[in-house]
Amino acid sequence: MEGTPSGRQAPVGDVGTEEDPTAPRVLHFPKVADPGPLGLAAFALTTFVLSFFNAELAPKSGELIVFPLALAYGGIAQFAAGMWEFRTGNTFGAVAFTSYGAFWVSLWFFNQFLAEGIKDPGVVGHAVGLYLIAWGIFTTYMFVASLRTTAAVSLVFLLLAVTFFLLGFGNRGANADVIKLGGYVGLATAIVAWYASFAVVTNSTFGRTVLPVGPLKRE
């Protein structure tokens, strides 16, 4: 099949049918690779690094390394994975990856341009807490939807919802212990998301199930 001038494979199709030669042209686009592993990997790595600091396993002075990672990988790469999920027809993946990609970009933007303008630490804590609690609400209903996917993905969303609520209430109450606990749950979330990404990449590459993801029972 000949490519387009840009080098991409062109969509093909037939004009009409034997019954109706004037029928509209039906296009058949080339198959798109599964963007899910990219979205999960981008989410996992960024969450892991941020959670490492929230759990106080690394000096807070180094936390700034999170934000370029949040923009490039957790944000842009994951957002792109969400756009590709729209192309594959996966509504759940499209909503999830696009939303969490936007989450990381917005977190980067707040830290880069707005955080220093809020002089009262209490106001920052309440604002960030509300922001994270709202994401916890979103993640909770995405967890409900994830019950129709796989056990690995559902566990990611369950742990992520808990992480958001712990960090949200911890920031609102300026409670370092709750934030620290949220960091540890965030680490668990990242590990499960990494496994889910690893499993899909490996199973796809080998052409068979090497690493199980636990498909949930469907009615």
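Each position in the sequence shown, counted from 1, maps to that position plus 25 in the numbering used here.
Built from N, CA and C at the ideal position, the CB exists for glycine as well.
Please report the distance separating the alpha-carbon of proline 36 from that of valine 57.
Translated into positions along the sequence shown, residue 36 becomes position 11. Translated into positions along the sequence shown, residue 57 becomes position 32. Its pLDDT being 48, under 50, proline 36 is placed unreliably in this model, and the value from its coordinates should be taken loosely. Cα-Cα distance, rounded: 12 Å.
Where tyrosine 166 falls, given that 16 or more other Cβ within 10 Å makes a residue buried
As a position in the sequence shown, residue 166 is number 141, starting the count at 1. Exposed, because fewer than 16 other Cβ atoms sit within 10 Å of the Cβ of tyrosine 166.
Alpha carbon to alpha carbon, what distance is there between threonine 72 and tyrosine 98?
As a first step, residue 98 is located in the sequence shown; it is residue number 73 there, counting from the start. As a first step, residue 72 is located in the sequence shown; it is residue number 47 there, counting from the start. Computed Cα separation, rounded: 11 Å.
Below 8 Å, can you find three or more Cβ-Cβ pairs linking the stretch 123 to 133 to the stretch 141 to 149?
no
From phenylalanine 168 to valine 181, what does the alpha carbon distance come to, in whole angstroms?
For the purposes of this step, residue 168 is taken as residue 143 along the sequence shown, with counting starting at 1. For the purposes of this step, residue 181 is taken as residue 156 along the sequence shown, with counting starting at 1. Cα to Cα, phenylalanine 168 sits roughly 8 Å from valine 181.
Are the C-beta of glutamate 110 and some C-beta of chain C separated by less than 8 Å?
Of the chains in the structure shown, none is chain C; there is only one protein chain.
Quick test of your reading: alanine 177 and valine 217, contact by CB under 8 Å. State the CB separation rounded to the nearest angstrom.
In the sequence shown, counting from the first residue as 1, residue 177 sits at position 152. In the sequence shown, counting from the first residue as 1, residue 217 sits at position 192. Alanine 177 to valine 217, Cβ: 6 Å. Contact.
Skipping 5 residues on each side, what residues in its chain have a beta carbon closer than 8 Å to that of phenylalanine 104?
Mapped onto the sequence shown, residue 104 falls at position 79. The answer, listed in chain order, is Phe122, Thr123, Gly126, Ala127, Val130.
Which value, in whole angstroms, describes the spacing of the CA atoms of glycine 193 and alanine 140?
Taking the sequence shown and counting its residues from 1, one reaches residue 193 at position 168. Taking the sequence shown and counting its residues from 1, one reaches residue 140 at position 115. Rounded to whole angstroms, glycine 193 to alanine 140 spans 16 Å at the Cα level.
Span of the alpha helix (DSSP H), counted from its first residue to its last, around lysine 205
Residue 205 sits at position 180 when you count from the first residue of the sequence shown. It spans 201 to 231 - the alpha helix (DSSP H) in which lysine 205 sits, taken as one unbroken run.
Going by the beta-carbon positions, is the gap between glutamate 110 and glycine 118 smaller than 8 Å?
On the sequence shown, position 85 is the one that residue 110 refers to. On the sequence shown, position 93 is the one that residue 118 refers to. Yes; because the gap between Cβ atoms is below 8 Å, this pair is in contact.
What's the gap between the Cα of isoleucine 158 and the Cα of leucine 206?
For the purposes of this step, residue 158 is identified with residue 133 of the sequence shown, where counting begins at 1. For the purposes of this step, residue 206 is identified with residue 181 of the sequence shown, where counting begins at 1. Rounded to the nearest angstrom, the two C-alpha atoms are 15 Å apart.
Does threonine 175 come out as helix, strand or coil in the three-state DSSP assignment?
For the purposes of this step, residue 175 is taken as residue 150 along the sequence shown, with counting starting at 1. In the structure shown, threonine 175 sits in a strand (DSSP, three-state: E or B).
Would you grab the beta carbon distance between lysine 85 and phenylalanine 78 for me? Rounded to a whole angstrom, and I think it's under 8 Å.
Along the sequence shown, read from residue 1 onward, the residue named residue 85 stands at position 60. Along the sequence shown, read from residue 1 onward, the residue named residue 78 stands at position 53. Yes, they are in contact, since the Cβ atoms of lysine 85 and phenylalanine 78 sit about 6 Å apart, within 8 Å.
Does the beta-carbon of proline 60 have 16 or more other beta-carbons within 10 angstroms, so that it is buried, or is it exposed?
Here residue 60 refers to the residue found at position 35 of the sequence shown. When all chains shown are included, proline 60 counts as buried.
Leaving out five residues on either side along the sequence, give the residues of the same chain with a beta carbon under 6 Å from the beta carbon of proline 240.
Translated into positions along the sequence shown, residue 240 becomes position 215. Thr175, listed in sequence order.
DSSP state of proline 93, grouped into three classes?
As a first step, residue 93 must be located in the sequence shown, where it is residue number 68. DSSP places proline 93 in helix when its eight states are reduced to three.
Roughly how many whole angstroms lie between the Cα atoms of phenylalanine 68 and alanine 215?
Position 43 of the sequence shown holds residue 68. Position 190 of the sequence shown holds residue 215. Those two C-alpha atoms are separated by around 7 Å.
Am I right that glycine 150 and arginine 197 are in contact with their C-beta atoms under 8 Å? What's the rounded C-beta distance?
As a position in the sequence shown, residue 150 is number 125, starting the count at 1. As a position in the sequence shown, residue 197 is number 172, starting the count at 1. At roughly 6 Å, the Cβ-Cβ gap stays under 8 Å, so glycine 150 and arginine 197 are in contact.
Are the CB atoms of valine 225 and proline 62 nearer to each other than 8 Å?
Within the sequence shown, the letter at position 200 stands for residue 225. Within the sequence shown, the letter at position 37 stands for residue 62. In contact: valine 225 and proline 62 (Cβ atoms closer than 8 Å).
On the DSSP bridge assignment, give the partners of proline 240 in chain order.
As a position in the sequence shown, residue 240 is number 215, starting the count at 1. Thr175.
Backbone CA spacing between tryptophan 219 and leucine 212 [nearest angstrom]
Position 194 of the sequence shown holds residue 219. Position 187 of the sequence shown holds residue 212. Their Cα atoms are separated by approximately 11 Å.
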